[in-house]
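Okay, so here's the structure we're looking at.
Protein chains in written order, with this note's numbering: chain A, 8 to 160; chain B, 551 to 1339.
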């Protein structure tokens, strides 16, 4: 079957079965490899993308369930919150192996856009679905606070 | 004033630019034109005879290019084990063949049975369902004690029993240790389990085989911590492909923690399949496959006895351990419970007599190998737990007891009774630094406040030492290693003065591209950005042993220093020629060559250009060009050490443990990039605390893995851990490598489990609880509280 998906501001055509998870449509059909596979059961957050701005696990989102929503991936992520997150991530040296960081940045940027001054509890609540085996959590927490300062200007 | 570049500066990680934008290039992000996909059909029983594998129906399924079974690998070698352990009686360990694909028998859930190569993964998976596999199930051997019992079912029919080896260290000390324990004032005895872990790097393993029939060249793209080691093991020992016809590429790798050191069957499978079926072949592990095919970690059962005099002075230590090997011997599995474990049993202490017995056991479970720390966490955990228990039994403060027994700063170099010589250290110094960070005096008030809220508060400490910078080749060779453990580097100065450094070390989260550039740029007095670090491709880098055992800076960095020193030596000769001066009079500083006492000078770039455009050049004396290689074989291990403190609150109604604070004082020797080091410590602490509090790998009595997904295997998440206090300012530089560095990657995972468990036992001491095995889950803690006393 053929599906038209709105991805990062462009309409992209995907020829695949309707139950194909969005993650594999992005990676295998469209070559958007910034979004990563971690578990396939929505338990790690590596595959996080936005559907109309809401963080969504693309590994369990069949493409035939997407009904015109705008899809944003790490490759197309932009805006004030994500710029602040990326700057803070660089300043505080958050990544180690980097593999989960696409998902971490998607989740953190969504948090900051929604909650400009998050508390530690807000951060833990928003980020606990994103596993980092290098365990960069300590720095993620600090960097989100730093990004809040950057965003505020 | 902190430096802003070079050695000692927290230079920003250059890797992060690509990682923050989704542009990292991991193996699964790669696709080779014309590639097919493979699906591996794996055993769903832990033990059985493989009576037949009928692939005829599957072969006719849509998209199928071909199918491989164990028959296709009968003539090739098994996956090799890299370390021969000799047992107490001088006999070699029992070493079964580890077939690439199971043949005759399956020995663990996940053992590969057949490989389907098809145009798409979905077609390969569909065809695999049409393979008719006939297995006669045998009783599974899961428990180690049962595996060693007389008459136990054998995992390998061609071996005598399930005992891989019975190792004693130091065997000559055994009788003296027994005597000392018999006559001691007090002996503290503890039986404990070091729980089995799954490394679970976020990037699952991936392998792509690409064979070029026109040149007979193989390329393997793989998620490896050591591409040259894979090339050597697979090429020479399994498939018989000479090195010059096999290129192994490990691009960005999404975490390893040990589990990506080893040569795995899938690497050989895609290599063979690509040649046999005439197309590149890609395999991507699912998470479920990772749980049943990645080598797992730890899994020791130990009894430890510590003998003391009336003042708490340690007199002797005796340990008995069963170490689970799983169904086959993974690449470095055999050295983990022996040479990476027994040699660390002295810890930070002057215990004069030590005997360590280890029985390595085959079971019908996934193979076990090194996982972050590898042997040293197991040694540290038992030692630091038994010391805490001894302190309680003797009525001595646990920090005081440690201080009484620490090796003193003036005793270095210190010869331990377990072979290794600690070159330097200051255990009192890191403990003092730790006590500056934690408010121990305020603990009583905090405990009272917790009690007022119905909670039990506890405080625990642990010291640790580890042997890193692996390793002196002659030493490990004498101990059974089938490899040298040096590292290599090539420093190529380009014509305009920029630098390419080719290193045998591999970065998969450690930030080498940044740190290594800091070292070389600092030595040459040039911009960090003028230095590029190349790693992960056997076609580009010199033969090197890769990254594990916290060795990259201590060994790989030392090779880089040696190669850079050769560059400076040659460049000085060129500069002397250009300035018409004697070489001995030329000084090199901040990227400038000058003649002492004159105003003569030439810049770095001028010398580099002269090397490549040798119009005015001492050609009779030296060759053109400026490129040097070095191999560095360390003189000794390095010995990072430190002291950790943990404070917890336990909810007596639920058994839930909350970590209130955690502080680490480490001695890593000199530090190149403090922020990278601190990040490594954070990660190590989290993995250690994960082991202590959350993680466990559980097989049922039939050998079925019950914790085979992220929903069943609990890893630390953002809300499980506090922010850590870390300090590395109490340092003693390593005395035998040029940078004075020791290694930092594993420390956190080694020192943190006993600190946490000691804190929880402290919280529960009034309830009569003396020990709980990890992980300290609410149900275990609650049960211990309610069963004790």
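Even glycine gets a Cβ: it sits at the ideal position worked out from N, Cα and C.
Judged by DSSP in its simplified three-state form, residue 37 (chain A) adopts coil rather than helix or strand. Sorting A:83, A:148, A:37 and A:45 by C-alpha distance to the C-alpha of residue 1272 (chain B) places A:148 at the top. Within the same chain, and ignoring the five residues on either side of residue 1238 (chain B) in sequence, the residues whose Cβ sits closer than 6 Å to its Cβ are 1298, 1299, 1302 and 1303.
In the three-state reduction of the DSSP assignment, residue 778 (chain B) falls in the helix class. Chain-order list of chain B residues neighbouring residue 42 (chain A): 572, by C-beta distance under 8 Å. Taken through DSSP and simplified to helix, strand or coil, residue 1324 (chain B) comes out as coil. Taking a beta-carbon distance threshold of 8 Å, residue 19 (chain A) does not count as an interface residue toward chain B. Sixteen is the threshold: since fewer than 16 other Cβ atoms of the shown chains lie within 10 Å of the Cβ of residue 1089 (chain B), the residue is exposed. Interface annotation, residue 47 (chain A): in contact with chain B, CB-CB separation under 8 Å. Taking the C-beta atoms as reference points, residue 936 (chain B) is found nearer than 8 Å to residue 856 (chain B). Apart from the 5 residues on each side of it in sequence, residue 1232 (chain B) sits with its Cβ closer than 8 Å to the Cβ of 1274, 1276 and 1298 in its chain, given in chain order. Taking 8 Å as the cut-off, the beta carbon of residue 623 (chain B) is found no closer than this to the beta carbon of residue 642 (chain B). Residue 1187 (chain B) sits buried, since 16 or more C-beta atoms from the chains shown fall within 10 Å of its C-beta. With the rule of 3 Cβ pairs closer than 8 Å, the segment 800 to 807 of chain B does not count as touching the segment 821 to 837 of chain B. Among the bridge pairs identified by DSSP, residue 898 (chain B) is matched with none. In this structure, the alpha-carbon of residue 663 (chain B) lies about 21 Å from that of residue 772 (chain B). In the DSSP annotation of this structure, the continuous segment of the alpha helix (DSSP H) that includes residue 955 (chain B) starts and ends at 948 to 955. At least one beta carbon of chain B lies nearer than 8 Å to the beta carbon of residue 112 (chain A).
Between residue 807 (chain B) and the set B:920, B:910 and B:734, the nearest pair of CA atoms involves B:920.
When DSSP states are grouped into helix, strand and coil, residue 868 (chain B) belongs to the strand group. In this structure, residue 821 (chain B) lies away from residue 782 (chain B), with their beta-carbon atoms at least 8 Å apart. At least one CB of chain A lies nearer than 8 Å to the CB of residue 751 (chain B).
As computed with DSSP, residue 1188 (chain B) is found in a beta bridge with B:1018. About 5 Å separates the Cβ atoms of residue 1325 (chain B) and residue 1244 (chain B), confirming a contact at the 8 Å cut-off. Within chain A, the residues whose beta carbon sits less than 8 Å from that of residue 1259 (chain B) are 46, 48 and 50, listed in sequence order. Taking a C-beta cut-off of 9 Å against chain B, the contacting residues of the segment 138 to 160 of chain A are 138, 139, 140, 141, 142, 143, 144, 145, 146, 147, 148 and 149, listed in chain order. Between residue 68 (chain A) and residue 41 (chain A), the gap from beta carbon to beta carbon reaches 8 Å or more.
The C-beta distance from residue 644 (chain B) to residue 714 (chain B) rounds to 5 Å, short enough to fall under 8 Å. In its chain, beyond the 5 residues on either side, 129 have a beta carbon closer than 6 Å to the beta carbon of residue 122 (chain A).
Among the residues of chain A, those whose CB is under 8 Å from the CB of residue 803 (chain B) are 104, following chain order.
With contacts defined by Cβ atoms closer than 8 Å, residue 1236 (chain B) and residue 984 (chain B) do not form a contacting pair. Residue 839 (chain B) has its alpha-carbon roughly 34 Å from the corresponding atom of residue 893 (chain B).
Here residue 84 (chain A) is buried: its Cβ has 16 or more other Cβ atoms, across all protein chains shown, within 10 Å.
For residue 958 (chain B), the three-state secondary structure derived from DSSP is coil. Within the segment 579 to 601 of chain B, 579, 580 and 581 place their CB atoms closer than 9 Å to a CB of chain A, listed in sequence order. What residue 122 (chain A) touches in chain B, judged by beta-carbon distance under 7 Å, is nothing: the nearest beta carbon there is about 15 Å away.
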